[in-house]
Structures are given as C-alpha cells and as structure tokens.
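Keeping their order, the protein sequence lines are chains V and B. Quick note on this note's numbering: the first sequence kicks off at 50 and runs consecutively. Quick note on this note's numbering: the second sequence kicks off at 50 and runs consecutively. Where is the CB? At the ideal position from N, CA and C, for every residue including glycine.
There are 2 protein chains.
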Amino acid sequence: MESIRGVLVDVFHDLPSNSVELTKVPHMATTAGDERTVQYMLKRWQDPDTGLDRAWREEYLVYLSFPDPKTPNKVTVVNPSDTVLYTAREKEKEYGPDQKDPDVVQPYAAYAPAGHPKGKLVYANQGKPSDYLHLNQTLDLNGTIAITRYGGEGRAQKAINAAPYGVIGVLVYTDPRDINDGRMSDTNETYPHSWYMPPSGVERGSFNTQYGDLLTPYLAAKDDTYRISMAKITGIPPIPTQPIGFEDAYALICELGGRPAPSEWQGAFNCTYNLGGPGFKPTSTFKERWETGHFYEVQPQQGSVQVQLDIYNRGEIKNSSNVMGVIRGSVEPDRYVIYGNHRDSWVHGAVDPSSGTSVMLEVTRVLGRMVKEGKWRPRRSVIFGSWGAEEFGLIGSAEYTEEYYSKLSERSVAYINVDISVFANATLRASGSPSAQSVILKASKQVKTPGSESTSVYDNWIRYFNRTSPTYGVIPNVGFLTGAGSDYAAFIHFLGITSMDISYTYDRTKTSARIYPAYHTAYDTFDYSSKFIDPGFTSHQTVARTAGNVLMRLADSLLLPFNCSDYAESLEAYLAKALELYTEGLAVHNISIEPLKSAVKTFRSAAASLDQMIRDSDLANETPLKVRGINDQLMLLDRAFLDPTAFPDQYGFRHVIWASSKASEPTFPGLADAYERAALSGLDEDWEEAHRQLSLLSQAILGAAHTLEEVI
Amino acid sequence: MESIRGVLVDVFHDLPSNSVELTKVPHMATTAGDERTVQYMLKRWQDPDTGLDRAWREEYLVYLSFPDPKTPNKVTVVNPSDTVLYTAREKEKEYGPDQKDPDVVQPYAAYAPAGHPKGKLVYANQGKPSDYLHLNQTLDLNGTIAITRYGGEGRAQKAINAAPYGVIGVLVYTDPRDINDGRMSDTNETYPHSWYMPPSGVERGSFNTQYGDLLTPYLAAKDDTYRISMAKITGIPPIPTQPIGFEDAYALICELGGRPAPSEWQGAFNCTYNLGGPGFKPTSTFKERWETGHFYEVQPQQGSVQVQLDIYNRGEIKNSSNVMGVIRGSVEPDRYVIYGNHRDSWVHGAVDPSSGTSVMLEVTRVLGRMVKEGKWRPRRSVIFGSWGAEEFGLIGSAEYTEEYYSKLSERSVAYINVDISVFANATLRASGSPSAQSVILKASKQVKTPGSESTSVYDNWIRYFNRTSPTYGVIPNVGFLTGAGSDYAAFIHFLGITSMDISYTYDRTKTSARIYPAYHTAYDTFDYSSKFIDPGFTSHQTVARTAGNVLMRLADSLLLPFNCSDYAESLEAYLAKALELYTEGLAVHNISIEPLKSAVKTFRSAAASLDQMIRDSDLANETPLKVRGINDQLMLLDRAFLDPTAFPDQYGFRHVIWASSKASEPTFPGLADAYERAALSGLDEDWEEAHRQLSLLSQAILGAAHTLEEVI
C-alpha cells in the first residue's frame, strides 16, 4: 500500500497545462481540432519519460450528423407572405477569442433531420408524453412547431413524442430556471461574470436514444462493415429540431397566445408561459411588426404569424479515432483494468470532457513515470482509452467493445470512467456497480479534500450524499449506473464489466442548475473552467488522486477489492421495492414473485459464504491459482447478470440489474418497465412479458449466485 | 502420463453388467423406468468404493408429448362409409420378453398434434420441400395424407413442409432400402436373426426442430418459470403425424395409384412406388375387399378409399431429472471437464443411450476407485451429467446449461459426449471442435482396437475415415459438430464450450443403413446389442478407453491439450469454400468478402504466434499464472465465436462457425444460408442479411484472433 500512498501525495501539477493544451481549439469529433488532440494524446502516452508501455490509435468509420457550415440552420418568425419578422441567433454571442474561433460549430440537434417546417408555435414544456397529451386536450397540434425546454425527457424523445400529434418541428432551449437559478442578464449575472449561461448560450447535443454507431449495431464500424440504411435508424427525431438560446426562447414564448400553461410548466421568464393559440397572441410584437410593415394586401388573421425552421443538418460517415495506451501487468498481464474518457467535445470542451482528459493524462503521467523509472509495474495490465465521438452517442467506446468483445469479456477486471471530472468543486460523486463501492470508499478515505490537510474526501462526501446501509450504517451514497450517460455504458451494460464513474460536483443547496451552465455551449472554455469551475484545479487534483487510488488498488491488489455482499445489499434494496410495488398485482395474474425472493436470498447466502471463505484464508500464503480463482469469481460477477434475450430491442443493454428504465422507482428495470406497461394496458401479452422478465431476472440472480458458490 | 496409461489397460469389465442393469425395463423420460435408472446412477455414483466425490439429482418441469395408453393411435384404411379395410399395427411384433413389456410405448410422433384426418394417400418420398413441390405439379394435395420415408429431412419438417399444400396428415416409415440393405423378411433376414429391423419395427422420435424445453426457451424450466402458451410453439408438426412399420408402409404404398414416382424415390419394396392418384389404384386390394364386402349400398368411386389417422397424442408437463456427479479438481477446482450422456430411451434403449451410459458408468467406476483409494485426483474438476429427456429434444442438458449458464461459461474446459457409444464395431468415429482434434487423435493412438494387441484405434480409424490435412497429411477425419444431434448441442452451440462426440461405428462398405436398424424401436434391447452390435462389449471397452483417455488428458494436463492452429486450418477450409462459392455473387451486390479473408489470415497468424510461444516456453517451470493465462486462451477460444445476434430466431445457436445450416456445402453456416436465400429471392433485404452475416462472421473470427494474441 505504500506505493499507493506515494501516488496519493504526488502533486498532480500538470492539470492546468493539460487543460490549456486540450482546449486550445474546438475539437468536435472528427474535425481538425479533434485530430490535434489525438496527436497530443499520442505524444503524451508515447513520451519516453512519462509515457505508457505502448500507445496507438484505432479508427472507426462512424455515422455523425453536422449542420451545413455554408447554409446555417435558421429559426425565424414569418408572416403569411413569408416576411421575416424575427430571426433567432445563429451563433452564440462572443465574449472573448474562444467564441470567435471559426470552428465553433453552430448550435444544432445532431441526427435531427433537415427540413423546412413552418407552423404556429406551441409551448410543450419538457416534451414529455404527458406534456403533449395535456396540450392535445385543448389544441389541435397538427402542423404546429413545439418549443420545449431541456430536462425531464431525452433530447430526441421531445421530437419523437411530438410527431404522433402532427407536430412538424421542435425547438428546445434551456430555461434559466433550470440552469441559471433564474439569472438571465449578461450585463452582470451570467458568464463572463459568473458560471451562469449567457442568454445566447445553447446546449448542443446528440438527439438519439441508442448509443454506438447508429448504422452498425453490434458491429465495429470498419470499411466494409454492413450498415443498415439510414432510413432504418430508429430513436432519432422524425421531424426537424433545433436548439436555441433562452434569449430567443424568451422572445418567442412571451408572445405566445392561448391559455396559460400549468404552473409546473412556468419557467424563469418574466411573463406567463402560454400554451400558444396555437401561435402568438394578437398583440404580439411580431404581429405589430407585421401590421406596421408594407405587406398589407391581405388582412392578417389573428395569430397567423408562424415559426419557420430551416434545418440543413446532414449525416456523414467520418473517421473517428480512439487513442489507446497500456501499461503491461507484471504478474497477471491477462487481467485488464480499463480507465477511459472521451476526447471529443462539442466546442472547446474545457469541462466536458477535457477536465476528465486532464485527469487521465495526469494519472498516466504519474504512473508512466514510475514505470519508465523502473520503480513500479502493476500486477495487472492497465488499459487507457481516449474515446472518440462520445458526444454523438458514446460511439468510440461502443465500437471498441464491439470489436474486442470476447477479449474484454474474458479479461477485464473493471472500467473506470472519469468524463467531466469536475462539475463543481463541492464534493465527490461516484456511481458504480455495488461490488465496487468498497474500493471507492476506501480510496476516498485516503485522499484529502481540495486545499485541506485533514478532511478526507470521504468525510466531505458523506455530508453531501449519504444513505443508510443495513450493513455499514450511514455511508456516502455510491449511485448506480442505470443509464447510458457516458462511456461506461458499453462496459457495464453491454459487456457486464464492473464499472464506475467518478467526478467532483455541486453543493445542491447552492444551485439547482441541472448541470453546469456552460454545458455543451461555446462558453465551456479554459477561461470558464479555470475561473468558475475549479480555480487552481484543486478539485481536478482530488479526482485524479481518488481515481488513481482506485485504479492502483484494482491493478495491484492480490485480492481484487470487490465486495460481493455489497451487491447482495443492493439486490435486497431493489427486491424490497419490487415486493412492495408488484407482489399483489402479479399475484392477481397468477404470477408468483417467490422465485425472485428466493434468488436474492440464495445470492446473499452465496456472497456471505464467499466473504467468509476470503476472511478465513491467508491469501498471501495461498497458491496463486487459489487466489486467481477467487478473483475470477469477483471479476466475473457482473458478467453473470448479462442476458442478451432480456432487452432484444434496446441496443447494448444486456445487464438485467442496471438497464435503463422508464419506471420511476429504483428497482429491477426490466420487471419494472414490463409491470408498468402491463398494469396500464391490461393486455395478456404484456403480463406475459412481465412474467418473462421476472423469470429471467430470477434466473440471472440465481446464476450469479452459483458463480459465487464453492467452485465445485 | 503413466496414470493415463494405467487407465488405458484397465479391463473396463463391468460394461455388460452395466448394460443389463440399465436395459431391464423401458425407461422413457419421466416414466417409472426412468426413475429406476435415476436411482441406479445415484447408487453407482454414490458408491463408497467406486463413486464420485458427490452425486445428486436436478429436476426440471418440462413439456413432453405422449400417446394415450388407453386410446392408442390408429392408422386405418377406410371406405366411404368408414368401414375399416385395413388397420396398421399398433404395437411392434413380439419376438421375446422385452417386446411384451407393457411399458413399451406405442410408436408415435412426439409433439405431433392429436387429430383425425382422413384423406387420400400420396407418396411424398422424404417429405422435403422439393418432394412436395414435385407432387404438387401433377396432383392436388389438398386434403391428402402423405406417406414419407425417414431420411433426407428432419422428422417434424416432413409435416411442416406438407401443410402449406393442404396435406392434412403425415405417415412416416423406414424404407428397408434405407435401413436394412433391402432385407425385409423376419423369417430369416431381420431381427431376431440379424441386426436388421423387423417389418413391424418403428422408429419413434421427437418431432420438433428446436431443442430444449419448448415452453421455456432460455429459461430453466422450474415451478414458477414463465412458459409460453402451447399455441406459440413453433417447429413442430402442424398436422397429425404417425410413424409406422415398413410392413404397413408396404401394404399402403404398393397399392397407390397415379403415376410412378421418380426413380430416386423408389425404395426396396417389390412394387413400383406410385405417387398416388391421389389415393389407391382401382385394382387395389383395399378396393377389392371393399367391393367384395357387404357394404354395397353406394357404388364405390374409383380411388375413393381413404386413409384415416386417429392420433391421441397429448402434451404433458413432467418432472425430468438430470443426475449429476463430480470429482473435485486438486489444483484448479474451478476448471470443469464435463462428460455427459442422456439416460432416457424410447424403449429399452440398449444402444441408445445405454451403450453410452454403460461407458460413462465404467469411466466413473475406474476413476472413482482411484479417487476413493487416494491414488489419484485430477488437476481440474470433472463433472458428469446423466441427462434426462434427451429423446424429446436434448431437454435435460439444455435446461442445465440455461440454469448454470454463467458458471459453465466461465469455467468449462470441454464437454465430452458419448451417447450411442457403439453403433457398430468397425471403427472409431469422432466429431468435435477443431481445437480438440489433437487430443482425440492422441488418445486414439494410445488405445488398441477391440481384441487387438497391436492395432491402435488411430490406425484402424484412418482406414475408414480420413482426410488430407495441409498441416499433417492424411489423418483420421474428426467431423464438425454442426447440428443438434445429441446433448453436445447446448454446450457447443449455446455456451461455446469446446465439445466432442465419440463413438464406434460402421464399416460403410458393408452396410448403407442410415443408422443401426433397431434405432428407437422396441428391438433396441440387451439381447440385440449383445448379439448383433457388440458381442463381448469389446467396442464399448474401446470407446471407454478412448473417451477416458481424452477426459484424463483434459483434466490432468498442465497445458490444456487444445490446438488453436488446427482451428485455423478448419477456418481456412471453410474460407476456401466460401471464396469459391460466394465471392462473385457478393461482389455483384457490392459486398466485399475481403474482411472474411483478412480475419481468417489474422486468426492463423495469431494462432501460429501462440503456438510458437507455447513451444518456446518451458511450461513446467513457468509460473502457475502464466500457464493459467495460456490455458484460459485455449479454453475460451470457442467462446469467442458466440454471437447472440447471429441467429436470433434459432434457439440456442450462437456459435457462428458450427451452427446448423441448410446449405449443402461445408462452409460458414450463417453466410451460406443467407447467401443461398438471397441468391434465390434476389431481394435487397436478403442481400443485406448476407452482408450482415459476413460482417458478424468476420468480426467473430477477428475477435477470436484477438483472444489468441499476446495478452497485452
């Protein structure tokens, strides 16, 4: 453990310079700026003094979506004779040289189709199914354009939910209530005066619901790989969609006619958010302008002013690179600890992802130096991945797992993801598979909070996020990896590799921002990050030390630092919720939940036995094969929860415990979704699916328990 | 190796007594006779002197199909007023006490539906699609009953192919040409005078196309497990079907009217096989009888005599047992060598499966004694499985692999299947994954042929089955496990465990019987087996010694005796065939076959490197973990060819190299089937599937190659 302590106190002094280098120019996936970062990563990882044993690039031909730089997307308000009454900003406002860079991509909704819909505007809140349902009760949505705010629903889903009602275009913006704690003015309130989003700031994003290259599901996207036709892509907006800044949203929403929207729909604007007539109110400024213009041959109809979207997005197959590096393990080179982060950003990406890439580079520099100096070599191999095209749907990491599926399945001990390493500088936040909880907690006890000589990350963390564990009492809360929010998705959901995601984040008593306000905007720059997110990069250091500590424990410990009883505790929590919510409803349909109860019980007992066996063993004096056998049980535990038949229609979701779920309660995702669907529809086939989910879940948990039992 | 030699010369003297005990009564799956064999296996495996470390039973509730003992299935010829003119035998003729046993199940087609179709008879050869196509050119098949002979097509498929033409019932029989080298008379030619099938003999069988419990695909069939509704079962006969003996088939076929069937359709009967008018010829004996009968109120129409099927089969969910036993490994208990055979038979099953069960019991007795005497314990664990309900569709082994999927995937070194151990006593026959070829060949060199002191099994084998290997020259031909013919299916196809199937078989110059003639009849008895299949049980001994040798090498060798370069050779042979057959046709559709070529090349080179590394290593002096690492590469090689997205509609087929295929040429099954379908239909979507198959195949081979490359 002394070597770990050594690393812990390492200064991690290169963080600011890493960040400067990584954020010099916009580096959207597959652009020249992206290539520049590829070269930089390679240079660093091939450095003779601080590099890794080996580093190289791996390329994939992936389907991306871009606006047309020559014909920018436009959002206008037009009168019936197509006179433009209002034009939304095409670019974000320039506050410094970063925004002036010609390579700043215009805000757009990646994968939303091109098109020129024109229609009356309605305000659709967050674009959830319930939002459109509500609108539809009083309005004919046919031919309308919906303006929605970010949050509450996936990006693509806002348009997917809208289309069945005849909505022909979608706008999306970030309401200052959701991102800026209500602040709106860039004269003194928002960036460059604070971390808040300026009025013209726009969150870009990938508008898809499936991760990985959309044309090559389950196949690594190479030259001659089979590609589905673009028309067969599902889960992307069926109608043109465009994100805009809140200053434009303000201009549009405050002029909407019709009834007032429900109170939960109201945002921070100093006007009533109306639903739309559909369209604007008769007294709207657009209306006035139109009335005072010189096109007056036709007497205007009230509310006849429309919103026009001119979207020129186009799909392109582009060459995206992962940069890979390894430190060879000394004793078990065939066991991999994988540490990764994406490299591509939407613009300069100082926070997303360069805060994480800076940390990764600092970890590799510190470890690389020890390796090059011959002072240290991990027991197991460490693989570093700098993923490409994450912003378009975790593409680089997904293609990598498709290409090396078998090798990674057989040998990977864990995947550590540090994407945005510092959202804010209040506290650590970590998510992961339950068996990884203990190693994260241990590491967090050995690292001090930024600037402190005495307070551990653990002690600070427990004040912000905690839970009461039946086993341990009050401990910091390690979240679950239920979604596909970053590159851990393919590792945990597709491959069943024990994964974790680590960052520093907010004090929630101080802000209700749904994410740091410059997220995916042209303001996510070194200037922003170094001034408002982590001045001095001390939280970056803390994350580097914590993640580095976790990594070294995973790579160096004789016994893998995984705890299978912690997995049992999480399964029991999910079970308690499932019993509470579903027992009765299932019984009505003659479906017994007993097999699930029994499976969790068997799992707990098998985990307890294995733990006991480990405690009773003097592992340092055991045969290497005995220790390897136990380590294999621990390493492969998450793998045992994979079932490719569980969610056949959801790409890359095979882990039956952590799959994403629409259900609101924290419990087994497949069962929850199937139960809720059946309860809603009452259809026999839906109850059958609920039963199937219950059976395959019980079988997976029992199967996992079998892997923990005495090996023969 | 001395311990192996020790076993080799062991007398294996208990084989006849094992067989006597196992074949005392009929032991169809889940019957009292089956339970008797369960008890016997448990007694043997729990024997304090010769038993295993542990033995137990595992139960599944599986969907089987039986005739109604109170209302036997009937096949009759009737005139228009339903007077019975002819009745097929309900039971096989009794030649000895075995056939008199009341527990001999009436011949039937398991899973064929109950029903009472009546129609004119047609002769449909083997019931292949091309056979019905041919008939349909000149006949209206609507409302007909088709009589077919076994062979050329799967059992269920004969009815599945028929139904679209309006055929309402199917009969199936074994033509003496196909099973008896033309012999037909039981006065001196057939059993009890020889091994040939008596005229009343009927091959029973499971009429399904999917293996495993039909109601619980991918789920182990337990009490509360989700079951699909019986109506949703696919791949079973949609119309009533019944197997009959060739004496009844003779009576029916030789009276058929209509045109003569093509010459390839003709069998051994001393009459012309006509297609049917449909129905019988006007001069048929049925006709005459009818005309000379006393029911003459209606003047008969020519050919109006019909065949009536009265089928009372019914599905039942029954409790089926596997009997499991283990010998714990001393060094790597978490590595499993699995040896299995089914226990259930259709009737007494002396050959199928008791010849294999006898061998398994003899292997466990010999190994068990060494273990109990403390003389030997294998390096790795050995698991023995006596599977239930194989005859109904490999059910016991499939449920076992579903229940323990993760554990078996992680730890299984190999699966050895010895089902029918002795078809005949001429030569060894073996099939398996290419990486297992070398261990089978080595074992066969150490064992002598029955009764010989000098000729090795290898030397004898090479005279019967051989091929020219680019690497080794002329060697015995180890076949591939492409289908689902026995319990290896779930292990190789579903789990990707390196598997092999071993038996003694025919001299093909002496018989053209498609299988030993008593197969699935009431004549597959100890009397039959000991007189005509293997008098003295010396071939049983030889198989026991060979399979036992293979097992001990797998369980005991420091380095697993698998050869990955032999896998490369097989892939190259498949590739050569694919290049020859598909390159041009694919190119026409802009699909390049280069990725496949390149993948096989990469695999060959990775295999060569690993082999070189092994040759260059002094493994006995290497660290245990280094050897374990190499062994893991070898153990998991077949696993790397699994892709659950490859054949989503075929239960339990995930191995992209050995899946079953309709294509006639020996090459990659998914590509072959998809190519042939596309070439036939010309549809874009079929060519897309061919491309997808090519891509996933190439990716699997490349992925497998990656697992053979240097571990980091």
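| Item | Value |
| --- | --- |
| Interface residues of the stretch 409-427 of chain B facing chain V [CB-CB below 7 Å] | none |
| Supposed close pair V:Ile-196, V:Tyr-172 - CB separation, criterion 8 Å | 6 Å |
| Span separating the alpha-carbon of B:Asn-67 from that of B:Glu-714 | 41 Å |
| C-alpha gap between B:Ile-469 and B:Ser-403, whole angstroms | 7 Å |
| Contact the stretch 743-757 of chain B vs the stretch 263-277 of chain V: 3+ CB pairs below 8 Å | yes |
| Residue interval of the beta strand (DSSP E) (run including B:Ile-551) | 548-554 |
| Local conformation of B:Ile-640 per DSSP, three classes | coil |
| Chain B residues whose Cβ lies nearer than 8 Å to that of V:Arg-653 | The contacting residues do not exist; V:Arg-653 stays about 17 Å from chain B at best. |
| Counted within 10 angstroms of its Cβ, other Cβ atoms place V:Lys-149 as buried (16 or more) or exposed | exposed |
| Under 9 Å between C-beta atoms of V:Gln-206 and V:Gly-701 | no |
| V:His-589 burial status per 10 Å Cβ neighbour count (16 or more: buried) | buried |
| Close Cβ partners of B:Phe-611 (< 6 Å) along its chain, the five nearest in sequence each way excluded | Ser-484 and Leu-683 |
| Cross-strand partners of B:Ile-750 (DSSP beta bridge) | B:Ile-750 pairs with nothing; no bridge assigned. |
| Range covered by the alpha helix (DSSP H) that runs through B:Pro-65 | 64-71 |
| Cβ shell of B:Leu-190 (< 8 Å), same chain only, five flanking positions each side left out | Val-171, Tyr-181, Leu-184, Ala-211, Tyr-214, Gly-215, Val-216 and Pro-327 |
| Identity of the residue in V:Gln-186, V:Ala-438 and V:Arg-594 nearest V:Arg-765 by Cα | There is simply no residue 765 of chain V to check, as chain V begins at 50 and stops at 761 in what is shown. |
| Residue(s) in a DSSP beta bridge with V:Leu-110 | V:Asn-368 |
| 9 Å Cβ cutoff met for B:Val-431 and B:Tyr-388 | yes |
| Local conformation of B:Met-77 per DSSP, three classes | coil |
| When B:Thr-591, B:Glu-621 and B:Tyr-160 are compared against B:Ser-114, the one with the closest alpha-carbon | B:Tyr-160 |
| Interface positions of the stretch 358-382 of chain B facing chain V (Cβ-Cβ less than 8 Å), listed along the chain | Val-375, Arg-377, Gly-378, Val-380, Glu-381 and Pro-382 |
| Residue from B:Ala-739, B:Leu-732 and B:Gly-731 whose Cα sits closest to the Cα of B:Tyr-724 | B:Ala-739 |
| Neighbouring residues, chain B, relative to V:Leu-685 (Cβ below 7 Å) | Glu-459 |
| CB of B:Ile-708 within 9 Å of CB of B:Pro-718, strictly | First, the amino acid is wrong: residue 708 of chain B is Ala here, not Ile. Result yes, Cβ atoms of B:Ala-708 and B:Pro-718 sit closer than 9 Å. |
| Cβ-based burial, V:Asp-722 [other Cβ within 10 Å; buried from 16] | buried |
| Counterpart residues of V:Ser-480 in DSSP-defined beta bridges | V:Gly-528 and V:Asp-550 |
| DSSP-derived helix/strand/coil call for B:Lys-169 | coil |
| Three-state class that DSSP yields for B:Trp-314 in the structure shown | helix |
| Contact with chain B by V:Leu-668, beta-carbon distance below 9 Å | no |
| Listed by chain order, chain V residues near B:Arg-677 by CB distance under 7 Å | Leu-674 and Arg-677 |
| Range of the contiguous beta strand (DSSP E) that encloses V:Phe-295 | It is not in any beta strand (DSSP E) - V:Phe-295 instead sits in the alpha helix (DSSP H) that spans 295-302. |
| Unbroken beta strand (DSSP E) run spanning V:Thr-290, endpoints | 290-292 |
| Every unbroken beta strand (DSSP E) within the stretch 575-618 of chain B, with a cutoff of 3 residues, ordered by chain | none |
| Inter-stretch contact (C-beta, 8 Å, three-pair minimum) for the stretch 362-378 of chain V and the stretch 496-509 of chain V | no |
| Spatial distance of V:Ser-52 from V:Gly-597 (CA atoms) | For V:Ser-52, the predicted model reports a pLDDT of 49, less than 50, meaning its position is unreliable; a value from the coordinates is still stated below. So the alpha carbons of these two residues sit roughly 12 Å apart. |
| DSSP three-state assignment for B:Gln-155, whether helix, strand or coil | coil |
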